[in-house]
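*Asks:* Quick note on the numbering used here: the sequence shown kicks off at 6 and runs consecutively.
For each residue, glycine too, the CB sits at the ideal point set by N, CA and C.
Quick caveat, the model's predicted, so the values are computed rather than measured.
Please read through the structure below; I'll follow up with questions.
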Amino acid sequence: YNMVEMSQLIDAAVASEPDGLVVSIPDAEALSPAIERAIAAGIPVISMNSGSDVAAELGVLVHVGQTEYEAGFGGGERMAEAGVTNAICLIQEAGNAGLEARCQGFTDAMSEAGGTVEQLVVDLNNPTEAQQRVEAAMTANAEVNGILALGPSGAAPALLAIANAGKVDTVQIATFDLSPEVLTAIQDGTMLFAIDQQQYLQGYLPIVLLKLYATNANTIANGVLMTGPGFVTAENVDQVIELTEEGTR
Numbered sequence: 006y007n008m009v010e011m012s013q014l015i016d017a018a019v020a021s022e023p024d025g026l027v028v029s030i031p032d033a034e035a036l037s038p039a040i041e042r043a044i045a046a047g048i049p050v051i052s053m054n055s056g057s058d059v060a061a062e063l064g065v066l067v068h069v070g071q072t073e074y075e076a077g078f079g080g081g082e083r084m085a086e087a088g089v090t091n092a093i094c095l096i097q098e099a100g101n102a103g104l105e106a107r108c109q110g111f112t113d114a115m116s117e118a119g120g121t122v123e124q125l126v127v128d129l130n131n132p133t134e135a136q137q138r139v140e141a142a143m144t145a146n147a148e149v150n151g152i153l154a155l156g157p158s159g160a161a162p163a164l165l166a167i168a169n170a171g172k173v174d175t176v177q178i179a180t181f182d183l184s185p186e187v188l189t190a191i192q193d194g195t196m197l198f199a200i201d202q203q204q205y206l207q208g209y210l211p212i213v214l215l216k217l218y219a220t221n222a223n224t225i226a227n228g229v230l231m232t233g234p235g236f237v238t239a240e241n242v243d244q245v246i247e248l249t250e251e252g253t254r
């Protein structure tokens, strides 16, 4: 997560004169100049994953992904429906616009349902410390009964924290994105759900779209081609596990 290096990689790609460029935009302020240089050089650009809120103003052809705020909002609605009233939102990369939008959407949905959310920044380079911070937050506020992780790497220490604190029956957890551990947790009932943005599609569709743009001048009418949010729950987790074994989920 080094925006200077990422900007340099974009410039290097532009210098190689590709037929198209696919980029993620986790930090618009840092990456916008490089992306604008690519577009000025006549290279068609499609963004994916992060950057749905800034893609259009930068001039990219289309953004492929989910709108992060709405995905977080949907997660908040589901948490509230499950009875969560006091939640923690774990942020593993301070300053990541996509992650902050996820957390804000979650916070707004919980607030509308009468709940509260505390945002907690954790350093996932040190999982043990992250686990301890989550445990400390639950100790400091005994009313916490829900945790939303913004990715599997944040969900792992949170699951351990809940178990270590003896709160498996009282604190519900959900996460963005999938991993074997996340799917197992949903399957065994220790995780409520995962918000699935279908990253396979985010990698696959931009290449298809660039090919069609280059060979047939096809464009997408909407500024964002949505791949999520979908939700993996106890009802569909077995099917998703089968598909992950095939490498498409």
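#1: What residue range is occupied by the uninterrupted alpha helix (DSSP H) comprising I40?
#2: With 16 as the cutoff for other CB atoms within 10 Å, does G80 come out buried or exposed?
#3: What runs of the alpha helix (DSSP H), each 4 residues or longer, lie entirely inside the region 177–230?
#4: Check Q13 in the structure and name its three-state DSSP category.
#5: Taking the continuous alpha helix (DSSP H) assigned at I246, which residues delimit it?
#6: Would you report the Cα separation of Q177 and P185, rounded to the nearest angstrom?
#7: Please work out which residues of its chain come closer than 6 Å, Cβ to Cβ, to D32, disregarding the five sequence neighbours upstream and downstream, and give them in chain order.
#8: Indicate whether the contact test is met: 3 or more Cβ pairs, each with one atom in the region 55–62 and one in the region 243–253, closer than 8 Å.
#9: How is L153 classed by DSSP in three states: helix, strand or coil?
#10: Ignoring anything shorter than 4 residues or poking outside the region 87–134, list the alpha helix (DSSP H) runs there in chain order.
#11: Alpha carbon to alpha carbon, how far is F236 from Q202?
#12: Going straight from the alpha carbon of P211 to that of V65, what length do you get?
#13: Report the residue from A20, F111 and V127 whose alpha carbon sits nearest the alpha carbon of A141.
#14: Within the same chain, show all residues whose beta-carbon is closer than 6 Å to that of L230, passing over the 5 residues directly before and after it, in chain order.
#15: Between the C-alpha atoms of E10 and N101, what's the straight-line distance to the nearest angstrom?
#16: Less than 9 Å between the beta carbons of E22 and A45, yes or no?
#17: Per the DSSP calculation, I51 is bridged to which residue(s)?
#18: So L63 is in the alpha helix (DSSP H); what residue range does that whole segment cover?
#19: Should S52 be labelled buried (16 or more other beta-carbon atoms within 10 Å of its own) or exposed?
#20: Could you please give the first and the last residue of the uninterrupted beta strand (DSSP E) stretch that includes G235?
#21: Where E73 and A99 are concerned, what is the direct C-alpha to C-alpha distance, given to the nearest angstrom?
#22: Determine whether the beta carbon atoms of F179 and A147 lie at a separation below 9 Å.
#23: Does the Cβ of L14 have 16 or more other Cβ atoms within 10 Å, making it buried, or fewer, making it exposed?
*Replies:* Quick answer:
#1: What you label residue 40 is simply residue 35 of the sequence shown in a count that begins at 1. Residues A33 to A45.
#2: On the sequence shown, position 75 is the one that residue 80 refers to. With 16 or more Cβ atoms within 10 Å of its Cβ, G80 is classed as buried.
#3: Taking only runs of at least 4 residues, the alpha helix (DSSP H) segments lying wholly in the region 177–230 are 185–193 and 204–221.
#4: To locate residue 13, count along the sequence shown from 1; it is residue 8. Here Q13 sits in helix by DSSP.
#5: One-based indexing of the sequence shown puts residue 246 at position 241. First-last of the alpha helix (DSSP H) with I246: V242 to E250.
#6: Mapped onto the sequence shown, residue 177 falls at position 172. Mapped onto the sequence shown, residue 185 falls at position 180. Taking the straight line from one Cα to the other gives about 19 Å.
#7: Here residue 32 refers to the residue found at position 27 when the sequence shown is read from its first residue. Hits under 6 Å: M8.
#8: Cβ pair count under 8 Å is below three, so no.
#9: Here residue 153 refers to the residue found at position 148 of the sequence shown. The answer is strand: DSSP assigns L153 an E or B state.
#10: 102–117
#11: Here residue 236 refers to the residue found at position 231 when the sequence shown is read from its first residue. Here residue 202 refers to the residue found at position 197 when the sequence shown is read from its first residue. Taking the straight line joining both Cα atoms gives about 9 Å.
#12: In the sequence shown, the residue the question calls residue 211 occupies position 206. In the sequence shown, the residue the question calls residue 65 occupies position 60. C-alpha separation (whole angstroms): 12 Å.
#13: The sequence position of residue 141 within the sequence shown is 136, counting from 1. Nearest option by C-alpha distance: V127.
#14: As a first step, residue 230 must be located in the sequence shown, where it is residue number 225. The answer, listed in chain order, is V67 and V69.
#15: Within the sequence shown, residue 10 is the residue found at index 5, counting from 1. Within the sequence shown, residue 101 is the residue found at index 96, counting from 1. So the alpha carbons of these two residues sit roughly 15 Å apart.
#16: Position 17 of the sequence shown, counted from the first residue, corresponds to residue 22. Position 40 of the sequence shown, counted from the first residue, corresponds to residue 45. No, these two residues do not count as a Cβ contact at 9 Å.
#17: Sequence index remark: in the sequence shown, residue 51 carries index 46 (1-based). Answer is V27, bridged to I51.
#18: Position 58 of the sequence shown, counted from the start, is the residue given in the question as residue 63. Note, L63: alpha helix (DSSP H), A60 to L63.
#19: Along the sequence shown, read from residue 1 onward, the residue named residue 52 stands at position 47. Buried, because 16 or more other Cβ atoms sit within 10 Å of the Cβ of S52.
#20: Numbered from its first residue, the sequence shown carries residue 235 at position 230. For G235, the uninterrupted beta strand (DSSP E) segment begins and ends at G235 to V237.
#21: Numbered from its first residue, the sequence shown carries residue 73 at position 68. Numbered from its first residue, the sequence shown carries residue 99 at position 94. Cα to Cα, E73 sits roughly 15 Å from A99.
#22: On the sequence shown, position 174 is the one that residue 179 refers to. On the sequence shown, position 142 is the one that residue 147 refers to. For the sequence presented, residue 179 should be read as Ala rather than Phe. In this structure, A147 does not lie closer than 9 Å to A179 by Cβ.
#23: For this step, residue 14 is matched to residue 9 along the sequence shown. The residue in question, L14, is exposed, as its Cβ has fewer than 16 Cβ neighbours within 10 Å.
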